[in-house]
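So the structure is just underneath, and the comments pick up after that.
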Amino acid sequence: MGPHPAVAAIRLAVRRVLHDILTEHSRTTDALASGSPRAIAYATPAMPSAGAPRATYDTAHEPSYELPGRAPQEPPRTSPHERPPSPLVLVACSGGADSMALASALAFEAPKLGIRAGGVTVDHGLQPGSDLRAEEVVQRLRELGLEPVESIAVTVGRAGGPEAAARDARYAALDDAAERHGAHAVLLGHTRDDQAETVLLGLARGSGIRSLSGMAAVSGAGGRYRRPFLGLDRQTARKACMVQSLPVWDDPHNADPAYTRSRLRHEGLPALEKALGKGVVEALARTAQLSRDDADALDAWAGQAEAAVRDSAGLLECAKLYALPPAVRRRILRRAAIEAGAPAGALFARHIEEVDRLITGWRGQGAINLPGKVVAQRQGGRLVIRQG
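For what it's worth, the numbering used here labels the leading residue of the sequence shown as 208, then goes sequentially.
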């Protein structure tokens with residue numbers, strides 16, 4: 208008799224991701240062994256197996272928290288007769304049902320593929336006794352057979368609000384752990400329900416098609432972060448924990464109406480399903496993938512067009528920008544603002560629209576102030592974006 212359907216589903220999702228990681232690792236070690244100068248620490252992800260969410264990169268809206276002076280680790284060089292070390296994959300685990308289900312599936316699948324598997328839990332220090340709960344998660348991960356396992360305590364700032372600040376601190380800690388351990392990838396337990404919530408939050412912000420594309424299956428510096436469960440619902444992960452008798456911790460913050468995502472989860476989505484019928488979550492997740500395909504295509508178009516709209520000094524020419532479709536032009540403007548020092552997370556659609564009016568509605572208006580003390584102004588038919 209095979210495993211419970213929920214357990215089978217989470218294991219299959221993880222197995223597909225691990226096969227991709229093995230393929231990348233093999234390509235990288237083969238290139239290094241051959242002395243190829245183009246070998247890099249993390250090879251381009253392979254196409255996912257049939258039925259799996261397409262692995263796409265998201266570097267525009269999930270910032271890379273690179274540590275100063277730290278380049279991605281390169282696998283150690285080996286002699287032609289020496290077997291290269293197997294890749295290490297870490298799971299980010301909070302102790303909740305989604306991440307515990309992910310940890311259990313990784314612990315089951317990784318040894319069969321010759322992959323080393325470890326785990327990391329991040330203690331945000333936002334609740335009394337959080338350090339003790341983190342140690343409990345560490346113990347549970349070790350009981351699953353994962354190694355190395357560690358708990359990392361972080362200090363959560365205030366920039367961007369409590370949810371964004373906690374996310375920033377968490378990803379910085381995960382990046383640090385991946386660098387120190389030389390991990391090829393870090394698995395995250397985001398589900399299809401999380402994806403639907405992300406799409407709705409993006410829609411509410413009015414941030415454009417990239418926000419509607421939600422979370423990528425592969426993201427971060429060098430494709431570090433992998434999300435195997437984007438095609439699975441939250442109940443499948445919880446059921447998998449239950450039938451395996453895995454203890455889980457339900458974070459009270461996830462039910463706290465003070466947090467926007469919590470209100471959306473417990474009030475917004477249920478109201479939508481009541482009004483529109485079942486299938487809202489699946490439809491939103493499908494919208495995310497379609498939006499991502501469109502956004503990727505437009506980003507590629509903007510990347511190719513940018514060189515053609517700059518003069519010999521590298522300044523943007525307003526007349527040439529005006530001739531581009533708005534979606535392409537605004538992507539070029541956003542990229543130029545970020546290159547000038549505007550923080551990507553603080554640069555909203557309304558900022559880019561104001562800059563765009565310097566191109567499409569020029570009436571002699573003054574400079575536009577952007578986040579990060581960046582200023583955009585039109586001078587002699589050129590658009591100048593620089594630190595003010």
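Using N, Cα and C, we set each Cβ at its ideal position, and we do this for glycine too.
Apart from sequence neighbours up to five positions away, the residues of its chain that approach V298 with a beta-carbon distance below 6 angstroms are L309, A310, L313, G326, L394, ordered along the chain.
Annotation: the continuous alpha helix (DSSP H) that includes L381 extends over 369–388.
Per DSSP, L577 is one residue of the beta strand (DSSP E) stretching across 575–577. When secondary structure is reduced to three states using DSSP, G427 falls in the coil class, being assigned neither helix nor strand. A residue is called buried once 16 or more other Cβ atoms fall within 10 Å of its Cβ, and K485, having fewer, is exposed. In this structure, DSSP gives R585 an extended state, which the three-state scheme calls strand. By the Cβ neighbour-count rule, T567 is exposed, with fewer than 16 other Cβ atoms within 10 Å of its own. The beta-carbon distance between R589 and L505, rounded to whole angstroms, is 24 angstroms. This is too long to meet the 8 angstroms contact definition.
If you look at T328, you'll find it in the beta strand (DSSP E) that goes 323–330. Three or more beta-carbon pairs drawn from the stretch 327–346 and the stretch 357–365 are found closer than 8 angstroms, and the two stretches are therefore classed as touching. The criterion of a C-beta distance shorter than 8 angstroms is not satisfied by V487 and A509. If you check the CB distance, A220 and P435 come in under 8 angstroms. When the alpha-carbon of L577 is set against those of R542, Q586, W569, the nearest one is in R542. Taking 8 angstroms as the upper bound for CB-CB distance, A216 and A304 are not in contact here, some 14 angstroms apart. Take D501, set aside five residues on each side of it, and the residues of its chain with a beta-carbon closer than 7 angstroms to its own are I416, in chain order. Under the DSSP assignment, E357 falls in the beta strand (DSSP E) whose first and last residues are 356–360. In this structure, L554 lies near A544, with their beta-carbon atoms less than 8 angstroms apart.
Taking C-beta atoms as the reference points, V224 and R433 count as a pair closer than 8 angstroms.
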